[in-house]
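Notes follow once the structure below has been shown.
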Amino acid sequence: MCAATCRLETPQHLFLHCRFPWAVWSCIVHWWHVKWVCPSSVGALIAWWFGNRFRNLEKEIWESCLYATLWSLWLLQNDCVFFYVSLGCGGLNQNKGGHVDEDEARHQVIFGGRL
331 MCAATCRLET
341 PQHLFLHCRF
351 PWAVWSCIVH
361 WWHVKWVCPS
371 SVGALIAWWF
381 GNRFRNLEKE
391 IWESCLYATL
401 WSLWLLQNDC
411 VFFYVSLGCG
421 GLNQNKGGHV
431 DEDEARHQVI
441 FGGRL
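So the sequence shown is numbered by the numbering used here: it starts at 331 and just counts up by one.
Right, here's the structure in full:
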């Protein structure tokens with residue numbers, strides 16, 4: 331079960347469609363000024379990610395973001411399941427428009443804790 335929503339754990343839910351991972355991916359593509367629609371599967375995410383036309387160093391950094399984010403989301407989910415760490419998916423700060431605070435989402439994924 332998903333630690334944030336108590337829904338069935340599927341790769342699509344854990345890495346894409348749960349509110350927290352969706353917010354993280356949305357922040358990343360926003361920082362890179364890339365337009366996106368959340369893919370239906372992790373495979374579709376990977377195919378889309380590598381289909382972007384960055385060059386040289388930007389391309390290397392962009393591709394590293396994919397791996398680092400997937401790995402961080404996996405570690406965070408494991409912390410929730412095995413060490414009873416609160417994911418805080420429903421508790422992330424949101425503004426009046428319902429948008430997740432980008433700094434908090436970034437900090438949660440990178441450092442595994444709340445600001």
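The C-beta atom is built at its ideal place from N, Cα and C for all residues, glycine as well.
- By the C-beta criterion, the segment 400–408 is judged not to be in contact with the segment 362–371, since fewer than 3 inter-stretch pairs fall below 8 Å.
- In the structure shown, residue 413 falls within a coil segment according to DSSP collapsed to helix, strand and coil.
- Cα atoms of residue 407 and residue 385: separation of roughly 32 Å, rounded to the nearest angstrom.
- Under the DSSP assignment, residue 362 falls outside any alpha helix (DSSP H); it carries neither an H nor an E label.
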